[in-house]
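Enquirer: Chains F and A supply the protein sequences, listed in that same order.
My numbering numbers the first residue of the first sequence as 749 and each following residue consecutively.
My numbering numbers the first residue of the second sequence as 25 and each following residue consecutively.
Just so you know, even glycine gets a beta-carbon here, dropped at the ideal spot from N, CA and C.
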Amino acid sequence: MFEILEKERIGPGVNRAVIFAPDIARAHHPGQFIILRTHEDGERIPLTVADKDVEKGTITLVWQEVGVTTYFMGTMCPGEKLQDMCGPLGKPTHIEKFGTVVSVGGGIGVAPLFPITKGMHDAGNHVITIIGARTQGLLIMTEEMRSVSDELLIATDDGSYGIHGFVTQVLQKLIDEGRKIDLCVAIGPVPMMKAVVNVTKKANLPTVVSLNPIMVDGTGMCGACRVEVGGKTMFGCVDGPEFNGFDVDFDLLTKRLAMYKGPELIALNKFRESPRGCQCNIPEGM
Amino acid sequence: MSDQEKDVQQPAKPKKPKIPRQKMPEQDPIERAHNFYEVALGYDNDLALLEASRCLRCKKPYCMAGCPVEVDIPDFIEMIKQGDLIGAAWKVKEKNSLPRIAGRVCPQESQCEAKCVLNKGGKGEPCAIGRLERFVADWAAVHGEGKMPELPKPTGLKVAVVGSGPAGLTLAGALIKKGIAVEVLEALHELGGVLVYGIPEFRLPKAIVRDEVDELRKMGVVFRTNWVVGRIETVDDLLEKRKFDGVFIGTGAGAPLFLKIPGENLNGVYSANEFLTRANLMKAYKFPESDTPVAKGRRVVVFGGGNVAMDAARTALRLGAEEVTIVYRRTMEELPARAEEVHHAVEEGIKFKLLSAPLEILGNETGWAVGIRCQQMTLGEPDQSGRRRPVPVPGQTFEIECDTAIVAIGNAANPLVPTTTKNLETNKWGNIVADLETGKTAKDRVWAGGDIVTGAATVILAMGAGRKAALSMLDTFGIS
């Protein structure tokens, strides 16, 4: 069992929790994820680790409420325990001194981007971070990102904060200005990663993306997380989660992510009708 | 008394009445095709006694030679005859730590029962050893009075076991009985490996696996779940940092093979591993009571002809499919699945499309599978395996409508442990190279066994490998 030590809401439907998991904290490298299960009849979902503290034996998870498990987690309070947590899983990010690295994060994708950006910064890279969201209220971890970036650029779709526009427009501007960039790391919703790759491909700027396919075991045993990269079938869990963005079939990923839309809604509605899922039972601030 | 009756009562020579092999009661096929309860119901006392009485107690028991873990078959059957069922169960457990499981999933027809003299080289009816094993082990589980064998004093030695499948559990049982501390490390949240994620509830109830694991736990085996060796710590860490005296790798045949045909990544296309994991381990059959869904296909096709294909097809049927078709390249005679499993599948209404090889999975614009295109095959000359090789019939292709397709053509070795362990030798398929008699690998203090060494095989062969590796470890440690 894995105890929740801290938990807070950091945006509408977005939560952050610090969880006691000393073995995972010790073994974790940037880019790796965990798979968790909230309770006995729960599903297994992957979440990328947003931060860790080896001394305290904790990891930090940030998640958006989209399905039954993430909504369930939204109702959990400090002192409660997650039934299972397995990790670290997946290949760590390849970190070295590349020169100038641009970290592009969209929405909830900023959370998994943080340890990678930190790693790149610690490795001596000049880090330019571009983070974006639909609107100001959905921006997360801006201060954390500022602390590990040499330059931080923030964009919102509606112009409510920072630059009015998409992260891709900010990235395009950097390229157009002739900034020398050696690597781009992009994590966010699939349409965002696809749009980033469209920009970087034209500029021949190597781009790493982190994919979030549906998973079950997370150790290469089931193949639920199949993605196509360069025309080859790969397993997101053991071959990834990071891939060369130029080669990823994002449209296939989008279709596969929608595979359980119907059942997911059934499960979520059932949960919302349960005593636990009723929002009025959740303590304030949780 | 009429003349006729006199004839019957006075045979020329008094002869022992011939008792036929006793059938095991089963759930009705039509009923069971819609539930996940166990298909085979097991012997009762009378049936078991009757069947046990058929054993000839041969001086030279060939049956034992057919058993990968060398259970003392004539002895335990004799104890059934004498009414000592607990004794019979412990007799089995001396060699086999998981008799309730083996009694259910072992292919006895090609092992002990194939060698039984009553089998007469396939013309007779062998003693139903597997059914008797299952009977005594189940009986002991219900009636046993915790008569645990006395454990010896701890030797101070400790062994780590990577993977809690049949090989690892067998090894754990064998070592703990010799006073060696055992820690079993499992990546999933439940213990049992393929016994819980792969083999369906209706063939092997999960409560039985839990009971067998609990028994090992009571004897002192330590289990750790959610523990991915290769990621959270390596085999080298286990030896160097945690100072284990030996490590056994029994990680199974972890990575599913796909057909490498167009359309394989369409929605509705599963590996058998995924389909069965969702249905068994994640209990998708009771969705939305459980949170994990699985496509409840209307028309399901399954590629492959082994036991896993039968399991996937029968699971799909139980989840509510209207029609389930197994698509196989050869004919019924060449199906690699156990005869009993094929028989059960046919009884339940699974269809077989034989001499058919898939060419493509057809999809619609939203990315879902809607059918398959197949090549008509015919049998040609025998290949290396001795089976006649399927060859395409030129120009003959056809389509089958489906909304779910399950690929059950086998597994490759999962590279996670081999690639993160120094100096561990693997072959060209990625399987760990280990001595089949001892389980010893090229790396000092590391043993391996089961599917990670042999490629996908059976539960009992994995158990046999676990047992051999345990004996080799004991030998290495100088414990008899």
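From the beta carbon of residue 961 of chain F, is the nearest beta carbon of chain A less than 8 Å away?
Expert: Here residue 961 of chain F is taken as the residue at index 213 of the first sequence, counted from 1. Not one chain A Cβ lies under 8 Å of residue 961 of chain F.
Enquirer: Any chance the region 416 to 425 of chain A sits against the region 287 to 305 of chain A, with 3 or more Cβ pairs inside 8 Å?
Expert: Cβ pair count under 8 Å is below three, so no.
Enquirer: On the DSSP letters alone, give me the boundaries of the alpha helix (DSSP H) that residue 246 of chain A sits inside.
Expert: Working through the second sequence from its first residue, we reach residue 246 of chain A at position 222. Here residue 246 of chain A belongs to no alpha helix (DSSP H); instead the beta strand (DSSP E) covers 246 to 248.
Enquirer: List, in chain order, every chain F residue whose beta-carbon is nearer than 8 Å to that of residue 278 of chain A.
Expert: Locating residue 278 of chain A in the second sequence gives position 254, counting from the first residue. In chain order: 967, 968 and 969.
Enquirer: Thinking residue 837 of chain F and residue 967 of chain F are a contact (beta carbons under 8 Å), I'd like their distance in whole angstroms, please.
Expert: For the purposes of this step, residue 837 of chain F is identified with residue 89 of the first sequence, where counting begins at 1. For the purposes of this step, residue 967 of chain F is identified with residue 219 of the first sequence, where counting begins at 1. Right, their Cβ atoms sit about 7 Å apart.
Enquirer: Mind pulling the alpha helix (DSSP H) runs of 4 or more residues that sit fully within the region 339 to 377 of chain A?
Expert: Listed in chain order, the complete alpha helix (DSSP H) runs (minimum 4 residues) inside the region 339 to 377 of chain A are 363 to 372.
Enquirer: Under 8 Å between C-beta atoms, does residue 357 of chain A make it to chain F?
Expert: Here residue 357 of chain A is taken as the residue at index 333 of the second sequence, counted from 1. No, because no Cβ of chain F sits closer than 8 Å to the Cβ of residue 357 of chain A.
Enquirer: Between residue 1026 of chain F and chain A, is there a C-beta pair that is closer than 8 Å?
Expert: Numbered from 1 along the first sequence, position 278 holds the residue referred to as residue 1026 of chain F. Cβ-Cβ to chain A under 8 Å: no for residue 1026 of chain F.
Enquirer: With hydrogens ignored, establish whether the beta-carbon of residue 961 of chain F is closer than 7 Å to any heavy atom of the ligand SAM.
Expert: No copy of the ligand SAM appears in this structure; indeed no ligand is present at all.
Enquirer: In this structure, what does DSSP give as the bridge partners for residue 123 of chain A?
Expert: Against the second sequence, residue 123 of chain A aligns to sequence position 99. Answer is none; residue 123 of chain A lacks a bridge partner.
Enquirer: Can you tell me whether DSSP reads residue 480 of chain A as helix, strand or coil?
Expert: As a first step, residue 480 of chain A must be located in the second sequence, where it is residue number 456. Residue 480 of chain A falls in the coil class under three-state DSSP.
Enquirer: Identify, in the order they occur along the chain, each residue of the same chain with its Cβ nearer than 7 Å to the Cβ of residue 795 of chain F, setting aside the five sequence neighbours on each side.
Expert: Numbered from 1 along the first sequence, position 47 holds the residue referred to as residue 795 of chain F. 781, 782, 784, 809 and 811.
Enquirer: Any Cβ of chain F within less than 8 Å of the Cβ of residue 49 of chain A?
Expert: Numbered from 1 along the second sequence, position 25 holds the residue referred to as residue 49 of chain A. Not an interface residue.
Enquirer: Give me the subset of the region 210 to 229 of chain A whose CB atoms are less than 7 Å from a CB atom of chain F, sorted by chain position.
Expert: Correct list: 211, 212 and 213.
Enquirer: Kindly list the residues whose CB is nearer than 7 Å to the CB of residue 158 of chain A, restricted to its own chain and excluding five residues on each side of it in sequence; keep chain order.
Expert: Taking the second sequence and counting its residues from 1, one reaches residue 158 of chain A at position 134. Excluding positions up to five away in sequence, the list reads 66, 124, 127 and 128.
Enquirer: So what's residue 833 of chain F in DSSP terms, helix, strand or just coil?
Expert: Position 85 of the first sequence, counting from 1, holds the residue named residue 833 of chain F. Three-state DSSP puts residue 833 of chain F in a strand.
Enquirer: Check distances from the C-beta atoms of the region 232 to 261 of chain A to those of chain F and list, in chain order, the residues that come in under 9 Å.
Expert: Of all residues in the region 232 to 261 of chain A, 249, 250, 251, 252, 254, 255, 256 and 257 have a Cβ within less than 9 Å of some Cβ in chain F.
Enquirer: Between the C-alpha atoms of residue 942 of chain F and residue 857 of chain F, what's the straight-line distance to the nearest angstrom?
Expert: Residue mapping note: residue 942 of chain F aligns to position 194 of the first sequence, counting from 1. Residue mapping note: residue 857 of chain F aligns to position 109 of the first sequence, counting from 1. Going from the Cα of residue 942 of chain F to the Cα of residue 857 of chain F covers about 14 Å.
Enquirer: Answer yes or no: do residue 489 of chain A and residue 191 of chain A have a C-beta to C-beta separation smaller than 8 Å?
Expert: In the second sequence, the residue the question calls residue 489 of chain A occupies position 465. In the second sequence, the residue the question calls residue 191 of chain A occupies position 167. Result yes, Cβ atoms of residue 489 of chain A and residue 191 of chain A sit closer than 8 Å.
Enquirer: Nearest CA to the CA of residue 765 of chain F: which residue from F/823, F/847, F/1010 and F/778?
Expert: As a first step, residue 765 of chain F is located in the first sequence; it is residue number 17 there, counting from the start. Looking at the Cα atoms, F/823 is the closest of the given residues.
Enquirer: At a Cβ threshold of 8 Å, is residue 790 of chain F touching chain A?
Expert: Indexing the first sequence from 1 puts residue 790 of chain F at position 42. So, interface residue.
Enquirer: So is residue 853 of chain F buried or exposed if we call it buried at 16+ other beta carbons inside 10 Å?
Expert: In the first sequence, residue 853 of chain F corresponds to position 105, counting from 1. Flag for residue 853 of chain F reads buried.
Enquirer: Just to confirm, are residue 918 of chain F and residue 934 of chain F a CB contact at a threshold of 8 Å?
Expert: Your numbering for residue 918 of chain F matches position 170 in the first sequence. Your numbering for residue 934 of chain F matches position 186 in the first sequence. No; because the gap between Cβ atoms is not below 8 Å, this pair is not in contact.
Enquirer: Less than 8 Å between the CB atoms is what I'm expecting for residue 385 of chain A and residue 293 of chain A, so what's the real figure, rounded?
Expert: Indexing the second sequence from 1 puts residue 385 of chain A at position 361. Indexing the second sequence from 1 puts residue 293 of chain A at position 269. Residue 385 of chain A to residue 293 of chain A, Cβ: 6 Å. Contact.
Enquirer: Ignoring anything shorter than 4 residues or poking outside the region 130 to 194 of chain A, list the alpha helix (DSSP H) runs there in chain order.
Expert: Listed in chain order, the complete alpha helix (DSSP H) runs (minimum 4 residues) inside the region 130 to 194 of chain A are 136 to 139 and 153 to 167.
Enquirer: Just to confirm, are residue 20 of chain A and residue 379 of chain A a CB contact at a threshold of 8 Å?
Expert: Since the first residue of chain A shown is 25 and the last is 504, residue 20 of chain A is not available in this structure.
Enquirer: Could you say which of A/463, A/189, A/429 and A/64 lies nearest to residue 155 of chain A if we only look at CA atoms?
Expert: Within the second sequence, the letter at position 131 stands for residue 155 of chain A. Nearest option by C-alpha distance: A/64.
Enquirer: Identify the contact partners of residue 775 of chain F in chain A, using a Cβ-Cβ distance below 8 Å as the criterion.
Expert: Here residue 775 of chain F refers to the residue found at position 27 when the first sequence is read from its first residue. Result: 255, 256 and 257.
Enquirer: Does the Cβ of residue 1035 of chain F have 16 or more other Cβ atoms within 10 Å, making it buried, or fewer, making it exposed?
Expert: Since the displayed chain F opens at 749 and closes at 1034, residue 1035 of chain F lies outside it and no answer follows.
Enquirer: Using the rule of at least 16 other Cβ atoms within 10 Å of the residue's Cβ for burial, across every protein chain shown, is residue 204 of chain A buried or exposed?
Expert: Within the second sequence, numbered from 1, the residue matching residue 204 of chain A stands at position 180. The residue in question, residue 204 of chain A, is buried, as its Cβ has 16 or more Cβ neighbours within 10 Å.
Enquirer: Quick one: is residue 399 of chain A buried, meaning 16 or more other Cβ sit within 10 Å of its Cβ, or exposed?
Expert: To locate residue 399 of chain A, count along the second sequence from 1; it is residue 375. By the 10 Å Cβ count, residue 399 of chain A comes out buried.
Enquirer: Could you say if the region 248 to 268 of chain A and the region 343 to 353 of chain A meet the contact criterion of at least three C-beta pairs nearer than 8 Å?
Expert: Touching, no.
Enquirer: Select from A/139, A/184, A/381 and A/103 the residue whose C-alpha is nearest the C-alpha of residue 263 of chain A.
Expert: Numbered from 1 along the second sequence, position 239 holds the residue referred to as residue 263 of chain A. Nearest C-alpha to residue 263 of chain A: A/184.
Enquirer: Do residue 928 of chain F and residue 848 of chain F have their CB atoms nearer than 8 Å?
Expert: As a working mapping, residue 928 of chain F is identified with position 180 in the first sequence. As a working mapping, residue 848 of chain F is identified with position 100 in the first sequence. In contact: residue 928 of chain F and residue 848 of chain F (Cβ atoms closer than 8 Å).
Enquirer: Taking 6 Å as the limit between beta carbons, can you name the residues of its chain near residue 769 of chain F, skipping five residues before and five after?
Expert: Your numbering for residue 769 of chain F matches position 21 in the first sequence. The answer, listed in chain order, is 750, 807 and 833.
Enquirer: Closest to residue 1008 of chain F by CA distance: which of A/464, A/311, A/77 and A/131 is it?
Expert: Numbered from its first residue, the first sequence carries residue 1008 of chain F at position 260. Residue 1008 of chain F has its Cα closest to that of A/311, out of A/464, A/311, A/77 and A/131.
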